[in-house]
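Take the sequence shown: its letters are residues 1 to 177, numbered as in UniProt numbering.
First the structure, in the form of structure tokens, and then the observations on it.
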Amino acid sequence: MRLLWPKARVRRVTELTPEWLAARGLSGLVVDLDNTLVPYGVAPPAKGELAEWNRSLAEAGIPVFIVSNAKPGRTRAWARSLGLEGWGLAGKPFPWSLRRAVRRMGLAPREVAVAGDQIFTDVLGANLIGAYSVLVEPIEPKKGLVHTRWVRALERRILERIPGPQNGGAQRSESGE
Numbered sequence: 001m002r003l004l005w006p007k008a009r010v011r012r013v014t015e016l017t018p019e020w021l022a023a024r025g026l027s028g029l030v031v032d033l034d035n036t037l038v039p040y041g042v043a044p045p046a047k048g049e050l051a052e053w054n055r056s057l058a059e060a061g062i063p064v065f066i067v068s069n070a071k072p073g074r075t076r077a078w079a080r081s082l083g084l085e086g087w088g089l090a091g092k093p094f095p096w097s098l099r100r101a102v103r104r105m106g107l108a109p110r111e112v113a114v115a116g117d118q119i120f121t122d123v124l125g126a127n128l129i130g131a132y133s134v135l136v137e138p139i140e141p142k143k144g145l146v147h148t149r150w151v152r153a154l155e156r157r158i159l160e161r162i163p164g165p166q167n168g169g170a171q172r173s174e175s176g177e
């Protein structure tokens with residue numbers, strides 16, 4: 001069961017600032033695409049808060065990779081628009097794509113945060129490789145594939161059982177308290 005527990009929970013991926021990462025001894029970030037970085041179906045380019053957040057991470061020298069189960073073309077388009085590396089059909093929670101991203105960063109898994117909106121893919125995958133798992137509240141919780149909406153009901157039951165702040169078993173970020 002502990003493999004399903006995130007180490008941290010945030011409302012938005014943009015809360016994962018260079019300062020937030022540094023305070024936890026983290027030097028790299030792997031992010032999910034749909035419903036974590038951007039809403040389903042939204043096309044690039046990044047604008048506003050997302051573009052500024054990405055710029056702040058780049059200026060701080062923090063490598064960021066997009067690893068998504070979304071279609072490869074969509075994932076590549078977003079990665080290119082942000083000046084990042086990324087790939088789709090990642091097969092999360094299986095660890096090979098997450099390990100590949102961590103290797104490309106030249107970091108150890110314990111130095112990398114993996115952020116996403118789903119326990120059974122993002123959190124589980126992060127915990128399987130020994131990375132710092134961050135559960136991000138979905139941008140649009142009612143949207144997604146039919147199976148995703150079904151899985152959300154299971155996730156709610158798991159989150160109710162996890163010890164810690166607000167049944168998260170994880171520390172919320174400073175702005176997510």
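Every residue, glycine too, gets a C-beta built ideally from N, C-alpha and C.
Since the structure is predicted, the reported quantities are computational estimates derived from the model, not experimental observations.
Which of helix, strand or coil DSSP assigns to F120: Position 120 of the sequence shown, counted from the start, is the residue given in the question as residue 120. Helix at F120.
Which residues in the same chain as N54 place their Cβ atom closer than 8 Å to its Cβ, once the five residues preceding and following it in sequence are excluded? The count along the sequence shown starts at 1 and reaches residue 54 at position 54. Excluding sequence neighbours, N54 sits near A46, V64, L82, G83 and L84.
### Query
Counting only beta-carbon atoms, is P44 nearer than 9 Å to chain B?
Of the protein chains in this structure there is only one, and it is not chain B.
Exercise for review: Decide if G91 is buried, meaning its Cβ has at least 16 other Cβ atoms within 10 Å, or exposed.
Suggested key: Here residue 91 corresponds to residue number 91 of the sequence shown, with the count starting at 1. So G91 counts as exposed.
- Query: Is DSSP giving V67 helix, strand or coil here?
  - Reply: For the purposes of this step, residue 67 is identified with residue 67 of the sequence shown, where counting begins at 1. Three-state result, V67: strand.
Use the C-beta contact count for G169: other C-beta atoms within 10 angstroms, 16 or more gives buried, fewer gives exposed. Locating residue 169 in the sequence shown gives position 169, where the first residue counts as 1. In this prediction, G169 scores a pLDDT of 44, lower than 50, which makes its location untrustworthy; no coordinate-derived value is stated.
**Prompt:** In terms of residues, what are the limits of the beta strand (DSSP E) holding W87?
**Reply:** For this step, residue 87 is matched to residue 87 along the sequence shown. It spans E85 to W87 - the beta strand (DSSP E) in which W87 sits, taken as one unbroken run.
**OP:** Within 10 angstroms of the Cβ of G3, are there 16 or more other Cβ atoms? Answer buried if so, exposed if not.
**Re:** Position 3 of the sequence shown, counted from the first residue, corresponds to residue 3. The sequence given here places Leu at residue 3; Gly does not occur at that position. Exposed, by the Cβ-count rule.
Buried or exposed for P44, going by 16 or more other Cβ atoms inside 10 Å? Position 44 of the sequence shown, counted from the start, is the residue given in the question as residue 44. Counting Cβ neighbours within 10 Å, P44 comes out exposed, since fewer than 16 surround it.
- Message: According to DSSP, simplified to helix, strand and coil, what is G28?
- Response: Here residue 28 refers to the residue found at position 28 of the sequence shown. The answer is strand: DSSP assigns G28 an E or B state.
(message) As an exercise, report each continuous alpha helix (DSSP H) stretch of at least 4 residues that is fully enclosed by the segment 38 to 63, in chain order.
(response) 48 to 59
### Task
Could you give the DSSP three-state label for A23: helix, strand or coil?
Here residue 23 is taken as the residue at index 23 of the sequence shown, counted from 1. Residue state, collapsed to three classes: helix.
inquiry  = Please classify R11 as buried or exposed, where buried requires at least 16 other C-beta atoms within 10 Å of its C-beta.
reply    = Against the sequence shown, residue 11 aligns to sequence position 11. Result: exposed.
Open item on the list: Alpha carbons only, please: which of A101, V31 and W87 is nearest the one belonging to V123?
Closed with: Along the sequence shown, one-based indexing puts residue 123 at 123. With distances taken between Cα atoms, V123 lies closest to V31.
Inset, instruction - Put R2 into one of helix, strand or coil per three-state DSSP. - result: Taking the first residue of the sequence shown as 1, we reach residue 2 at position 2. Residue state, collapsed to three classes: helix.
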